[in-house]
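Chemist:
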Amino acid sequence: MISPWFSLALGLYLLAAGGFTVFIIRQQKWAFRCSYWILVAGFLFHTVFLAYGYYQLGTAPVLDLRSALSFFAWTLAGVYLVVQARFKLRVLGSFVAPMAAFLMIISSAMPWAAAPVKPLFKSIWLTIHVGTVFTGDALLAIAFLAAIMYLIQERQIKRKRLGSMYSRLPSLATLDAINYNSIVYGFPFLTIGMITGSIYAQVALGRYWQWDPKEVWSLISWLFYAALLHQRLAVGWQGRRAAVMSIVCFAVLIFTFVGVSLLMGGYHSFSSMGTR
Amino acid sequence: MTAMLKIIAIGMNHETAPVELRECLGGDADNIRKVLAWMRSSEVVREGLFLSTCNRVEALFITEEAEPARESVISLMSELGGVHIRDLAPALYVLEDMHAVSHIFNVASSLDSMVVGEPQILGQIKEAYALAAAEKTSGVILNRLMHRAFHVAKRVRSETEICGAAVSISYAAVELAKKIFHVLEGKKVLLVGAGEMAELAARHLLTNGVSSLVVANRTFERAVEVAGHFNGKAVSFEEIDSELLNVDIVITSTAAKEYVITQGQVKKCLRKRRNRPLFFIDIAVPRDVQPEVHALSNVYLYDIDDLKGVVALNMSQRKEEAVKAGRIVEEEVGKFEKWLKTLAVVPTIVSLRDKAESILQAEFAKSRSVLDQLTPTQHEAVETLTRSIVEKVLNDPIVFLKGRAGRPTLNTYLDLTKRLFRLNGLEADGAGKAELGD
Numbered sequence: 003m004i005s006p007w008f009s010l011a012l013g014l015y016l017l018a019a020g021g022f023t024v025f026i027i028r029q030q031k032w033a034f035r036c037s038y039w040i041l042v043a044g045f046l047f048h049t050v051f052l053a054y055g056y057y058q059l060g061t062a063p064v065l066d067l068r069s070a071l072s073f074f075a076w077t078l079a080g081v082y083l084v085v086q087a088r089f090k091l092r093v094l095g096s097f098v099a100p101m102a103a104f105l106m107i108i109s110s111a112m113p114w115a116a117a118p119v120k121p122l123f124k125s126i127w128l129t130i131h132v133g134t135v136f137t138g139d140a141l142l143a144i145a146f147l148a149a150i151m152y153l154i155q156e157r158q159i160k161r162k163r164l165g166s167m168y169s170r171l172p173s174l175a176t177l178d179a180i181n182y183n184s185i186v187y188g189f190p191f192l193t194i195g196m197i198t199g200s201i202y203a204q205v206a207l208g209r210y211w212q213w214d215p216k217e218v219w220s221l222i223s224w225l226f227y228a229a230l231l232h233q234r235l236a237v238g239w240q241g242r243r244a245a246v247m248s249i250v251c252f253a254v255l256i257f258t259f260v261g262v263s264l265l266m267g268g269y270h271s272f273s274s275m276g277t278r
Numbered sequence: 103m104t105a106m107l108k109i110i111a112i113g114m115n116h117e118t119a120p121v122e123l124r125e126c127l128g129g130d131a132d133n134i135r136k137v138l139a140w141m142r143s144s145e146v147v148r149e150g151l152f153l154s155t156c157n158r159v160e161a162l163f164i165t166e167e168a169e170p171a172r173e174s175v176i177s178l179m180s181e182l183g184g185v186h187i188r189d190l191a192p193a194l195y196v197l198e199d200m201h202a203v204s205h206i207f208n209v210a211s212s213l214d215s216m217v218v219g220e221p222q223i224l225g226q227i228k229e230a231y232a233l234a235a236a237e238k239t240s241g242v243i244l245n246r247l248m249h250r251a252f253h254v255a256k257r258v259r260s261e262t263e264i265c266g267a268a269v270s271i272s273y274a275a276v277e278l279a280k281k282i283f284h285v286l287e288g289k290k291v292l293l294v295g296a297g298e299m300a301e302l303a304a305r306h307l308l309t310n311g312v313s314s315l316v317v318a319n320r321t322f323e324r325a326v327e328v329a330g331h332f333n334g335k336a337v338s339f340e341e342i343d344s345e346l347l348n349v350d351i352v353i354t355s356t357a358a359k360e361y362v363i364t365q366g367q368v369k370k371c372l373r374k375r376r377n378r379p380l381f382f383i384d385i386a387v388p389r390d391v392q393p394e395v396h397a398l399s400n401v402y403l404y405d406i407d408d409l410k411g412v413v414a415l416n417m418s419q420r421k422e423e424a425v426k427a428g429r430i431v432e433e434e435v436g437k438f439e440k441w442l443k444t445l446a447v448v449p450t451i452v453s454l455r456d457k458a459e460s461i462l463q464a465e466f467a468k469s470r471s472v473l474d475q476l477t478p479t480q481h482e483a484v485e486t487l488t489r490s491i492v493e494k495v496l497n498d499p500i501v502f503l504k505g506r507a508g509r510p511t512l513n514t515y516l517d518l519t520k521r522l523f524r525l526n527g528l529e530a531d532g533a534g535k536a537e538l539g540d
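As you go down the protein sequences, you meet chains A and B in turn. Using our numbering, read the first sequence as starting at 3 and increasing by one per residue. Using our numbering, read the second sequence as starting at 103 and increasing by one per residue.
#1: Could you tell me whether the region 286-299 of chain B touches the region 350-366 of chain B, where touching means 3 or more Cβ pairs closer than 8 Å?
#2: So who's on the other strand from N319 (chain B), going by DSSP bridges?
#3: Is there a Cβ of chain B sitting closer than 8 Å to that of G241 (chain A), yes or no?
#4: Measure the Cβ-Cβ separation of A251 (chain B) and I227 (chain B) and say whether it is below 8 Å.
#5: Can you give me the C-alpha to C-alpha distance between E217 (chain A) and T198 (chain A), rounded to a whole angstrom?
#6: Quick one: grab the DSSP three-state call for S69 (chain A).
#7: Just to confirm, are V349 (chain B) and S204 (chain B) a CB contact at a threshold of 8 Å?
#8: Residues in its own chain within less than 7 Å of A255 (chain B) by CB, not counting five upstream and five downstream?
#9: Confirm, please, whether the CB-CB distance from I176 (chain B) to L190 (chain B) is below 8 Å.
#10: Looking only at C-alpha atoms, which of A:F22, A:W127, A:T193, A:F146 sits nearest to A103 (chain A)?
#11: The region 395-422 of chain B: which residues have C-beta closer than 8 Å to a C-beta of chain A, in chain order?
#12: Do N416 (chain B) and G238 (chain A) have their C-beta atoms closer together than 8 Å?
#13: When you compare each of A:K162, A:G138, A:L147, A:G208 to G188 (chain A) by their alpha carbons, which one comes out closest?
#14: Would you kindly work out how many angstroms separate the C-alpha atoms of L231 (chain A) and V186 (chain A), rounded to a whole number?
#15: Ignore the nearest five residues each way along the sequence and tell me which others in R170 (chain A)'s own chain have a CB closer than 7 Å to its CB.
#16: Could you check how far apart the C-beta atoms of G219 (chain B) and C265 (chain B) are, in whole angstroms? I think they sit under 8 Å.
#17: Report, in whole angstroms, the separation of the C-beta atoms of I206 (chain B) and L138 (chain B), which I expect to be a contact under 8 Å.
#18: Rounded to whole angstroms, how far is the Cβ of I110 (chain B) from the Cβ of R172 (chain B), which I believe are closer than 8 Å?
#19: With 8 Å as the C-beta to C-beta threshold (strictly closer), list the residues of the region 152-178 of chain A near chain B in chain order.
#20: State yes or no: is the beta carbon of I430 (chain B) nearer than 8 Å to at least one beta carbon in chain A?
#21: Based on the DSSP output, what are the partners of S154 (chain B) in its beta bridges?
#22: Please classify S240 (chain B) as buried or exposed, where buried requires at least 16 other C-beta atoms within 10 Å of its C-beta.
#23: Please check if any C-beta of chain B sits within less than 8 Å of the C-beta of G238 (chain A).
#24: Measuring only the C-alpha atoms, how far is A75 (chain A) from S338 (chain B)?
#25: For S110 (chain A), which residues does DSSP report across the bridge?
#26: Mapping DSSP to helix, strand and coil, what is G183 (chain B)?
#27: Under three-state DSSP, which class holds E148 (chain B)?
#28: Taking 6 Å as the limit between beta carbons, can you name the residues of its chain near S174 (chain B), skipping five residues before and five after?
#29: Within 10 angstroms of its Cβ, does L107 (chain B) collect 16 or more other Cβ (buried), or is it exposed?
#30: Strictly below 8 Å CB to CB, what residues from chain A border A236 (chain B)?
#31: Taking the beta strand (DSSP E) that F381 (chain B) falls in, what are its first and last residues?
#32: Start and end of the beta strand (DSSP E) containing L17 (chain A)?
#33: Flag F283 (chain B) as yes if its beta-carbon sits less than 8 Å from any beta-carbon of chain A, otherwise no.
#34: Which residues, taken in chain order from the region 249-279 of chain B, show a beta carbon closer than 8 Å to some beta carbon of chain A?
#35: Starting from I451 (chain B) and walking both ways along the beta strand (DSSP E), at which residues does that stretch end?
#36: With 16 as the cutoff for other CB atoms within 10 Å, does N497 (chain B) come out buried or exposed?
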């Protein structure tokens, strides 16, 4: 059975996504204000849903793809609210809200598998590990969205055809700054998430690293982002190239998150997390 | 009678009159006061306002006698400007009633401006109205008309994009720079060569926050001279390469036949600049910057044709928005017309109410001796009772009359009402009290 809290959150995210779409087309401030508060409400209901899940399971509700996607949507919405407070960039919501709603729809379409939780997962380390990794993922998702916005805007200026998105999207400098800052903050979260993960593995399984596909791919995405940060800081990459690279990095990250879990097995895969 | 009041606008603008003629009338700031003083003392003009800007000179007034008022305003204008009526008349437009209302709404909303959507005109009209109010030449109709005009202007501004994107080359360049750099504070500009348009663009960039300006010129003396205008630094042509490392925006405008800045030159400096964006504005014809520069990453080159393209696009957007704005104006003219028509009914309604009130007072006076015996509560009850009977009896005729406002049969009904209630003896000139709410 789908929790009413979840349905409420999903409904409000969808509504917010619709509102933000109206906002980007009509450019009216009230559309932004409504959508923003609808998103906040959705986030609060979602928080209640997750807190209830945590209370029921005795650990973070992230043990199947369905829950993991919903958790990702929650961190994305939360991180967006923080970024919005910092950058005050209204148009960002028009990209984030649809993405959060999309994640929730996929999540709600996933099979519901209620299984007792193995004692292995009832550890504070799991919560810390997953919490930090997902916060990092959400920030990197924002970087990805900013990169897409950058490429759209840059294309308009380069082609000298200033279409309807030209006035709606912010300046290149702003988008580049959001992309950069999201990665600068997202990368440490990813790093801490991987470190706490290996501590958790040591505590629970007795080994820090065991070449599980998820571990390997996490390391690969980490290296991709490390390379991007290096290019930005040391070589002075910015603008288009950095945007393209952060889109590539995010693709690798998403593959690590979804693809590896579904295709490659290993102890991180969701199918192995049920009772066995 | 109120029904014959006319709203008239007489004026000239950038389209109907050459600048020499507009100067004659607009030049003297004292003219406005003279016109207003004349309007106040005039027999034929009841309310009036005089607007004088560099692009238009306009008298707006309310009169009962259209023909003499029109003539005397025109002759006053010719007198003040020292222009013979023969020369003045062809440049003037004369608009009456709803055409005048629509015109003044258009002017306030900047739909009648040379650059459609320019924001100054509204302020100028507000000033003209404030002067008229101070000189006490504005009254019921003009007050209402001007407040509606300000309201229309506000609606047009908020509901359309009429004041949106830049419609001059130099502003378009500033807007583009903002889309690239977000803020121009702390950015550096290199001006290569000199010329009116390039200097205008540089000036706009400076007023938008650009912090420093470097001027390069073939002749160093000229560079020093131009740099002096902007508090900038002068460099020689050979130093352009090293300046390219520091600046963010380059404006070129030389008379050179070949490219002054080549792709190779720019490419070389990109890594040293750590890929910071670089924006070239090439105003020169033939062009100064090699077009291939635009292909480099994080480098943007707009030449004069590109900027003209942007301006043309923005212009066409404003035109589209002007159509939307036109609909708003039309709607508001309709509302104003409706209000104006109810104005014709007001004196009759006022005298109807006056008559009822006087009957009421007379009857109270007659029964005073009996009424005085009542307790205050009872007295109040009797008064409330009689008043509400009167109100209710009068309500239907009043609603009916208001409903007839603006219909051709109105006068018949006004006449009939006056005869039925014998209002003629009572009717004063009601227009003075004709203040009607919304």
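The beta-carbon is built from N, C-alpha and C at its ideal position, and this holds for glycine as well.
Modeler: Working from what's here:
#1: Yes: the two stretches touch, three or more of their Cβ pairs being nearer than 8 Å.
#2: DSSP links N319 (chain B) through a beta bridge to B:S338.
#3: At a cut-off of 8 Å between beta-carbon atoms, G241 (chain A) makes contact with chain B.
#4: The Cβ-Cβ distance between A251 (chain B) and I227 (chain B) falls below 8 Å.
#5: If I take the Cα positions, the gap works out to 12 Å.
#6: Secondary structure of S69 (chain A) (DSSP, three-state): helix.
#7: No; because the gap between Cβ atoms is not below 8 Å, this pair is not in contact.
#8: Answer for A255 (chain B): A210, S211, L224, listed in chain order.
#9: Cβ distance < 8 Å, so L190 (chain B) and I176 (chain B) count as in contact.
#10: The alpha carbon of A103 (chain A) has as its nearest neighbour, out of A:F22, A:W127, A:T193, A:F146, the alpha carbon of A:F22.
#11: So the list reads H396, S399, N400, Y402, Y404, D408, G411, V412, L415, given in the order they occur along the chain.
#12: If you check the CB distance, N416 (chain B) and G238 (chain A) do not come in under 8 Å.
#13: Comparing alpha carbon positions, the residue from A:K162, A:G138, A:L147, A:G208 closest to G188 (chain A) is A:G138.
#14: So the alpha carbons of these two residues sit roughly 8 Å apart.
#15: If you ignore the 5 residues before and after R170 (chain A), its C-beta comes within less than 7 Å of the C-beta of I26, Q29, V93, all in its own chain and listed in chain order.
#16: Contact between G219 (chain B) and C265 (chain B) holds, with the beta-carbon distance rounding to 4 Å and staying under 8 Å.
#17: The beta carbons of I206 (chain B) and L138 (chain B) sit about 17 Å from each other, so the pair does not count as a contact at 8 Å.
#18: Confirmed, about 6 Å.
#19: Cβ contacts with chain B come from Q155, I159, K160, K162, L164, Y168, S169, P172, S173, L174, A175, T176.
#20: Interface criterion not met: the Cβ of I430 (chain B) is under 8 Å from no Cβ in chain A.
#21: The partner list for S154 (chain B) (beta bridge, DSSP) reads B:V159.
#22: Flag for S240 (chain B) reads buried.
#23: So yes, G238 (chain A) belongs to the interface.
#24: Straight-line Cα distance between these residues: approximately 58 Å.
#25: In DSSP, S110 (chain A) forms no bridge with anything.
#26: In the structure shown, G183 (chain B) sits in a helix (DSSP, three-state: H, G or I).
#27: With the sequence shown as reference, residue 148 (chain B) is identified as Arg, and Glu is not the correct amino acid for it. Reduced to three states, the DSSP call for R148 (chain B) is strand.
#28: Closer than 6 Å at the Cβ level, and outside the excluded window around S174 (chain B), lies no residue.
#29: By the C-beta density criterion, L107 (chain B) is buried, having at least 16 other C-beta atoms within 10 angstroms.
#30: Result: empty, since nearest Cβ-Cβ is about 37 Å, beyond 8 Å.
#31: Start and end: 380-384.
#32: That residue, L17 (chain A), is in no beta strand (DSSP E); its alpha helix (DSSP H) goes 6-28.
#33: Answer yes: the Cβ-Cβ gap between F283 (chain B) and chain A drops below 8 Å somewhere.
#34: Within the region 249-279 of chain B, contact with chain A at the beta-carbon level (separation under 8 Å) is assigned to G266, A267, L278.
#35: From DSSP, I451 (chain B) is part of no beta strand (DSSP E) but of the alpha helix (DSSP H) over 406-468.
#36: When all chains shown are included, N497 (chain B) counts as exposed.
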